[in-house]
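Trainee: So that we are looking at the same thing, I have put the structure below in structure tokens.
In the working numbering, the protein residues as written are 203 to 683.
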């Protein structure tokens, strides 16, 4: 195939896709038809071509000009589309979604302009279910009823919820109507789950992106939709990238722990293992990809470090037993599910080397709000002189908040405490009552671990002391928005 034909195929692909931002996994998984056809033509003609797309370029931009691709990836238009062709011929680059049976998945993606798709996590670990989300109301239910959960992921979901809210407007809607719709969507989404700051940030960033195009483009709905879609995709890609970088920094930390353990232990090296204890689920299911607390585990495991994870079941919704265990099993990481109250005993008897959790909101002074029960783990770690790290992308830091005591703590229905649901021997899911029917139950979803109990905050920019000074060393004033 000569250069002219290749360029023509690329231009056709760009014309069909416009400003849509595609991950390599998304191309493999959903394959926007016009783009797929153009790229497959290129791929079919290049069986012997050796391309070297940058391995860190986990997301392929498909904007409307070669200049934009060059500035984003440092690759030419030709190289970029040929790189995607290479991906279609082989496996997608590392980090672009997780493998599961028929494909590789992130936790949320745009199927087509009208439909956002998610992995409905209520069905895991026994069923893998993809859910279509078509409206603001549906996305609000998805977040509130925990079809998706985790700080990063609900931020991405809220951003796409803002986009879907605009798709419900008529094509003749004015700039005033667009603004009113976004304000309504913002209030509705922010009311779904009050604790995680990522949700608020996702909503605000999409609203800001839309506002920036309303006046210059005459207030058209088309411009607003394009801006909302691009910003939701950018937030999702950034979330995945930040979590990947957390993994890189955290893997180095685990390697150092391993070297210290090896130097001081009498155990033969082939039997040495780093034992990590984690609470709730802060893996790729809680974010767009990779995760926060589990990202270092995956990165270290992939480098060959012997890792074992103690997985708190995490009552009452059992995110550890259901989701973290499922993730680790899929990745091949050794793990053991434990009752929530077992962690202190394991620490005291020397069976834990490090505790790593995620967070739903962190104050500017380093107080960390995470799933209920995290505070108890931090106290036990402190009493046993064990490192307690909180892993989080910077989007989870609430720069406006100094004291973790001011974080609003979500309280959920008592049925989550009183009932348990699982797979029965006949293969059917059932819910059973655990308590006396007339007993009341309290269900606080989160607690706050004060910074004095946190050894360090593990972010996409590296390890920070859990303090205002420590965070300031990594994030400038301009970063704190």
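All C-beta atoms, glycine included, are put in the ideal place defined by N, C-alpha and C. Only a predicted model underlies this, so the values are computations on that prediction, with no experimental measurement involved.
Could you check which residue in 563, 665, 518 has the C-alpha nearest to that of residue 619?
Mentor: As a first step, residue 619 must be located in the chain shown, where it is residue number 417. The shortest Cα separation from residue 619 among 563, 665, 518 belongs to 518.
Trainee: If the criterion is Cβ atoms closer than 9 Å, does the pair residue 512 and residue 546 meet it?
Mentor: For the purposes of this step, residue 512 is taken as residue 310 along the chain shown, with counting starting at 1. For the purposes of this step, residue 546 is taken as residue 344 along the chain shown, with counting starting at 1. No.
Trainee: Provide the residue span of the beta strand (DSSP E) that contains residue 405, from first to last.
Mentor: Stepping through the chain shown from its first residue, residue 405 is reached at position 203. That residue, residue 405, is in no beta strand (DSSP E); its alpha helix (DSSP H) goes 399–416.
Trainee: With a cut-off of 8 Å, do at least 3 Cβ pairs link the stretch 563–575 to the stretch 648–661?
Mentor: Short answer: they touch.
Trainee: Leaving out five residues on either side along the sequence, give the residues of the same chain with a beta carbon under 7 Å from the beta carbon of residue 316.
Mentor: Start at 1 with the first residue of the chain shown, and residue 316 comes out as number 114. Within the same chain, residue 316 has close Cβ partners 336, 369.
Trainee: Using only CA atoms, which one of 562, 560, 514, 550 lies nearest to residue 539?
Mentor: Numbered from its first residue, the chain shown carries residue 539 at position 337. The candidate whose alpha carbon is nearest that of residue 539 is 514.
Trainee: Report yes or no: do the stretch 379–398 and the stretch 406–416 share at least 3 C-beta pairs separated by less than 8 Å?
Mentor: Touching, yes, given that three or more Cβ pairs across the two stretches are closer than 8 Å.
Trainee: Looking only at C-alpha atoms, which of 356, 608, 633 sits nearest to residue 197?
Mentor: The chain is shown only over 203 to 683; residue 197 falls outside these bounds and no answer can be derived.
Trainee: Identify, in the order they occur along the chain, each residue of the same chain with its Cβ nearer than 7 Å to the Cβ of residue 349, setting aside the five sequence neighbours on each side.
Mentor: Locating residue 349 in the chain shown gives position 147, where the first residue counts as 1. Same-chain partners within the cutoff: 320, 322, 323, 324, 333.
Trainee: Would you check if the distance between the CB atom of residue 444 and the CB atom of residue 596 is smaller than 9 Å?
Mentor: Here residue 444 corresponds to residue number 242 of the chain shown, with the count starting at 1. Here residue 596 corresponds to residue number 394 of the chain shown, with the count starting at 1. Yes, Cβ-Cβ distance for residue 444 and residue 596 is below 9 Å.
Trainee: Can you tell me the Cα-Cα spacing of residue 501 and residue 450, whole angstroms?
Mentor: Here residue 501 refers to the residue found at position 299 when the chain shown is read from its first residue. Here residue 450 refers to the residue found at position 248 when the chain shown is read from its first residue. So the two alpha carbons sit approximately 6 Å from each other.
Trainee: Is residue 571 helix, strand or coil by DSSP?
Mentor: Stepping through the chain shown from its first residue, residue 571 is reached at position 369. Of the three classes helix, strand and coil, the one that applies to residue 571 here is strand, per DSSP.
Trainee: Which residue wins for smallest C-alpha separation from residue 363, given the options 372, 393, 379, 377?
Mentor: On the chain shown, residue 363 is found 161 positions in, with the first residue counted as 1. The residue with the shortest Cα to Cα distance from residue 363 is 393.
Trainee: What does a CB cutoff of less than 7 Å around residue 493 pick up in its chain, not counting 5 residues either side in sequence?
Mentor: Within the chain shown, the letter at position 291 stands for residue 493. Closer than 7 Å at Cβ, skipping near neighbours: 445, 484, 485, 486.
Trainee: As a quick exercise: from 574, 429, 353, pick the residue whose alpha carbon is nearest that of residue 380.
Mentor: On the chain shown, residue 380 is found 178 positions in, with the first residue counted as 1. Of the listed residues, the one whose Cα sits closest to residue 380 is 429.
Trainee: Out of 398, 367, 414, 327, which has the shortest C-alpha to C-alpha gap to residue 351?
Mentor: In the chain shown, residue 351 corresponds to position 149, counting from 1. The option with the nearest alpha carbon to residue 351 is 398.
Trainee: So does residue 640 have its beta carbon nearer than 8 Å to some heavy atom of the ligand FMN?
Mentor: By its list of ligands, the structure shown contains no ligand whatsoever, and the ligand FMN lies outside what it can speak to.
Trainee: Can you tell which of 307, 594, 510, 439 has its C-alpha closest to the C-alpha of residue 456?
Mentor: Sequence index remark: in the chain shown, residue 456 carries index 254 (1-based). Ranking 307, 594, 510, 439 by Cα distance to residue 456 puts 510 first.
Trainee: If I'm right that residue 598 touches residue 576 with Cβ under 8 Å, what's the distance once you round it to whole angstroms?
Mentor: Position 396 of the chain shown, counted from the start, is the residue given in the question as residue 598. Position 374 of the chain shown, counted from the start, is the residue given in the question as residue 576. Incorrect: roughly 14 Å between the Cβ atoms, too far for contact.
Trainee: If we call anything under 9 Å between Cβ atoms a contact, is residue 508 one with residue 474?
Mentor: As a first step, residue 508 must be located in the chain shown, where it is residue number 306. As a first step, residue 474 must be located in the chain shown, where it is residue number 272. Yes, they are a contact pair.
Trainee: Cα-Cα, which of 622, 645, 678 is closest to residue 613?
Mentor: The count along the chain shown starts at 1 and reaches residue 613 at position 411. Of the listed residues, the one whose Cα sits closest to residue 613 is 645.
Trainee: Look up residue 506 in the DSSP assignment and give the residues it is bridged to.
Mentor: If you number the chain shown from 1, residue 506 lands on position 304. Its beta-bridge partners do not exist; DSSP assigns none.
Trainee: Between which two residues does the alpha helix (DSSP H) carrying residue 601 extend?
Mentor: In the chain shown, the residue the question calls residue 601 occupies position 399. Unbroken run through residue 601: none, as it is neither H nor E.
Trainee: Which residues does DSSP pair with residue 485 in a beta bridge?
Mentor: Indexing the chain shown from 1 puts residue 485 at position 283. For residue 485, which the question treats as bridged, DSSP gives the partners 493.
Trainee: Could you tell me if residue 328 is buried or exposed, where buried requires 16 or more neighbouring beta carbons within 10 angstroms of its beta carbon?
Mentor: In the chain shown, residue 328 corresponds to position 126, counting from 1. Exposed, because fewer than 16 other Cβ atoms sit within 10 Å of the Cβ of residue 328.
Trainee: Where does residue 475 fall in DSSP's three states?
Mentor: Here residue 475 is taken as the residue at index 273 of the chain shown, counted from 1. The answer is coil: DSSP assigns residue 475 none of H, G, I, E or B.
Trainee: Please state whether DSSP places residue 649 in a helix, a strand or coil.
Mentor: As a first step, residue 649 must be located in the chain shown, where it is residue number 447. Strand, per DSSP.
Trainee: How close, in whole Å, do the beta carbons of residue 526 and residue 542 come, if the pair is a contact with beta carbons under 8 Å?
Mentor: The residue given as residue 526 occupies position 324 in the chain shown. The residue given as residue 542 occupies position 340 in the chain shown. In fact, because the Cβ distance is near 13 Å, the residues do not count as touching under 8 Å.
Trainee: Whose C-beta lies closer than 7 Å to the C-beta of residue 648 among residues of the same chain, with five residues either side of it excluded?
Mentor: The residue given as residue 648 occupies position 446 in the chain shown. 397, 562, 571, 572, 573, 574, 611, 612.
Trainee: Is residue 536 helix, strand or coil when you go by DSSP?
Mentor: Residue 536 sits at position 334 when you count from the first residue of the chain shown. The answer is strand: DSSP assigns residue 536 an E or B state.
Trainee: Going by DSSP, which residues form a beta bridge with residue 613?
Mentor: Start at 1 with the first residue of the chain shown, and residue 613 comes out as number 411. In the DSSP output, where bridge partners are listed per residue, residue 613 has 646.
Trainee: For residue 553, which of helix, strand or coil comes out of DSSP?
Mentor: Locating residue 553 in the chain shown gives position 351, where the first residue counts as 1. Three-state DSSP puts residue 553 in coil, outside helix and strand.
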